[in-house]
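**Student:** One structure is given below, represented as structure tokens, and several questions about it will come after.
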Amino acid sequence: MKDFMQLVPRFSCPDHHIEEIFRYRWEAYSTHLFQRANGKYVVTEFSTPVTHSGVDGTISCPAHHHIAEGRWIKDRTFMRDYISFWCSSEAKPRLYSFPLADSCLKYCQVSGEYDLAEELYDAMKSNYEEWEKDRYDNNYGLFWQIPDRDGMEFALLALSYGRSHAGEGYRSTLNSYMYADAVALAEIATRLKRTEDAELFREKAAKLKRLFQLLMWNKKRSFFVDRRRDNRFFINGIELEGYVPWCYDLPDERFSSAWKYIMDEEYFCAPYGLRTLEKNHEDYLVEHGLPGGCMWNGWCWPFASCQALDGMANLLDHYQQDFVDREDYFKLLKSYTMCHYKDGVPHLAESYDPEEGVWYADFGARSVNYNHSTYCDLVITGLAGFRPQLDGSVRINPLIPAEWEYFSLENIAYCGKNVSLFFDRDGNHFEYGKGLTVVVDDVPVIRNAADSEVLTCTL
């Protein structure tokens, strides 16, 4: 798309791989912006059509990643069209798990355009209610899902039933999404002064949080573990999707011990990326389907990696814990970055071999620029620490490594203003002197802050 790179933030730092993949991911994203016959835009997952997609190549499974990434595009037309599409009658937002209301609200935090969430509130409320009718267990108080409908074929829950596309159970994924949607709907209802709705969704969120923490926490493993729906037993093993609750601040701090596994080479931290299943499990990297197929029993998936990194950034920003630090975050982000290559050239497909460092599920034209994850959003909100707030302010808490001498994040379209961050340890890289400088519409509003200092800036 012509001049698309002028519409998105620019990032510079001492690590040329992160710079390169940041640019590559925006370029790849632009190829997935599809203008429909009615002139409206949607975002696609695959570069070539697949039989399981909806109209014009839309699929709900990665839609929250599309919106998290696309909310940083300066031209708001793309995301307003796309979010509105998911609230229309021709969309299938429940074909796969997808936190629609939360995604919409997070877009509004960046754009400042809460009118969109207010206009779509009734449709998003209806979507929540349909999930309740179809996937909520009233007797247990949790939502259930099939791993395939989370986009996670051959996950342990499915394997416990002996079928790749089956296995009803209570999972971290959909329950986290529904918690996030309840929180978002309560916020939007409050803005609309729909007091009863706001209270209803606050109660739903509180109940889901309480029961999720009570029923999904396996004390023996110190981890959120799936339960089968038929007997409510825990499955045997821990999977990377157990970190999804932290993407939405669902867990209390006492559950932070789950993060002791993330950097452990015997569990999730592989030579090349993050495993989706603990290494010591008997089903780790067993080819239950066709070789090179879509399997979530250990293979490194960008979809899962970006969720773990997103949850980890939240943990490091506002949880008190001693299990991981910002150096760990950078190590995993750099590992994720290096998964974006094939023969030395930027490349993004479906899944990666975490032991050998080669693409595993890479189906030629179908998989080119596979749009099923985030990267730029992780750099913006995690590494550079530009964290949107509901009141239009921004919290700035960079997770850069201690040895970096500089970084910049420029051309951020935030709540109607153009914002840039410049960090310069010795004052030799940019014109603003030492420390962290925040520039709003070409005017420095904060100067000389240390990189370790958490800032809240009202723009």
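In the numbering used here, the protein residues as written are 34 to 492.
All C-beta atoms, glycine included, are put in the ideal place defined by N, C-alpha and C.
1) Closest to V88 by C-alpha separation, out of T64, F118 and Y62, would be which residue?
2) Please return the same chain residues whose Cβ sits closer than 7 angstroms to the Cβ of S45, not counting the five positions on each side in sequence.
3) Span of the beta strand (DSSP E) holding S441?
4) Counting only runs of 4+ residues fully inside the stretch 135–160, write out the alpha helix (DSSP H) ranges in chain order.
5) What are the start and end residues of the alpha helix (DSSP H) that includes N347?
6) Could you tell me whether the Cβ atoms of K107 and L40 are closer together than 7 angstroms?
7) Are the beta-carbon atoms belonging to R43 and E443 less than 7 angstroms from one another?
8) Quick one: Cα of G331 to Cα of K226, how far?
9) Which residue or residues does DSSP assign as beta-bridge partners of N451?
10) Which of helix, strand or coil does DSSP assign to G202?
11) Beta-carbon separation of H99 and V76 under 7 angstroms?
12) Quick one: using the 10 Å Cβ neighbour count with 16 as the cut-off for buried, is D474 buried or exposed?
13) If you run the structure through DSSP and keep just helix, strand and coil, what is R43?
14) If we ignore side chains and look at the alpha-carbon of each, how far apart do H351 and P421 end up?
15) When you compare only the Cα positions, how much space is there between D459 and C490?
16) Closest to L128 by CA distance: which of A156, G184 and F37 is it?
17) Under the three-state reduction of DSSP, which class applies to G103: helix, strand or coil?
18) The beta strand (DSSP E) spanning I433 covers which residue range?
19) Rounding to the nearest angstrom, what Cα-Cα distance links D316 and G377 in this structure?
20) Roughly how many whole angstroms lie between the Cα atoms of G174 and A435?
21) Can you pull the DSSP bridge partners for Q68?
22) Does the stretch 422–434 come within contact of the stretch 122–137, defined as at least 3 CB pairs closer than 8 angstroms?
23) In this structure, does DSSP put V471 in helix, strand or coil?
24) Rounded to the nearest angstrom, what separates Q68 and Y115 at their Cα positions?
25) Alpha carbons only, please: which of I179, L348, F456 and V412 is nearest the one belonging to S290?
26) What is the DSSP secondary structure of L381, counted as helix, strand or coil?
27) For A398, does the count of other Cβ atoms within 10 angstroms reach 16, so buried, or fall short, so exposed?
28) May I ask which residues mark the beginning and end of the alpha helix (DSSP H) holding A231?
29) Give the C-beta separation of G306 and C409 to the nearest angstrom, bearing in mind that I take them to be a contact with Cβ-Cβ under 8 angstroms.
30) Among residues of its own chain, excluding the 5 on either side of G145, which ones have a beta-carbon nearer than 7 angstroms to its beta-carbon?
31) Could you compute how far the alpha carbon of F257 sits from the alpha carbon of G200?
32) Going by other Cβ atoms of all chains shown within 10 Å of its Cβ, with 16 needed for buried, is L323 buried or exposed?
33) Ordered along the chain, which non-local residues of its own chain (more than five positions away) have a Cβ less than 6 angstroms from that of S406?
34) The beta strand (DSSP E) spanning R420 covers which residue range?
35) Roughly how many angstroms lie between the CA atoms of V412 and L454, to the nearest whole one?
36) Y374 and Y385 - do their beta-carbons sit closer together than 7 angstroms?
**Tutor:** So, to answer that:
1) Selected option, being the one with the closest Cα: F118.
2) Taken in chain order, the residues that qualify are E52, F440 and S441.
3) Under the DSSP assignment, S441 falls in the beta strand (DSSP E) whose first and last residues are Y439 to Y447.
4) 147–152
5) P335 to H351
6) yes
7) Yes, Cβ-Cβ distance for R43 and E443 is below 7 angstroms.
8) 46 angstroms
9) For N451, which the question treats as bridged, DSSP gives the partners A446.
10) strand
11) yes
12) exposed
13) strand
14) 14 angstroms
15) Near 23 angstroms, if we compare the C-alpha coordinates of C490 and D459.
16) G184
17) G103: helix per DSSP, three-state reduction.
18) Here I433 belongs to no beta strand (DSSP E), and DSSP marks it neither H nor E.
19) 31 angstroms
20) 44 angstroms
21) Y74
22) no
23) Of the three classes helix, strand and coil, the one that applies to V471 here is strand, per DSSP.
24) 10 angstroms
25) L348
26) coil
27) Label assigned to A398: exposed.
28) T228 to M249
29) Not a contact, Cβ separation roughly 18 angstroms.
30) G425, C448 and G449
31) In this structure, the straight-line span from the alpha carbon of F257 to that of G200 is close to 17 angstroms.
32) By the Cβ neighbour-count rule, L323 is exposed, with fewer than 16 other Cβ atoms within 10 Å of its own.
33) Hits under 6 angstroms: H98, P335, F336 and C339.
34) From DSSP, the beta strand (DSSP E) with R420 extends over F419 to P421.
35) 13 angstroms
36) no
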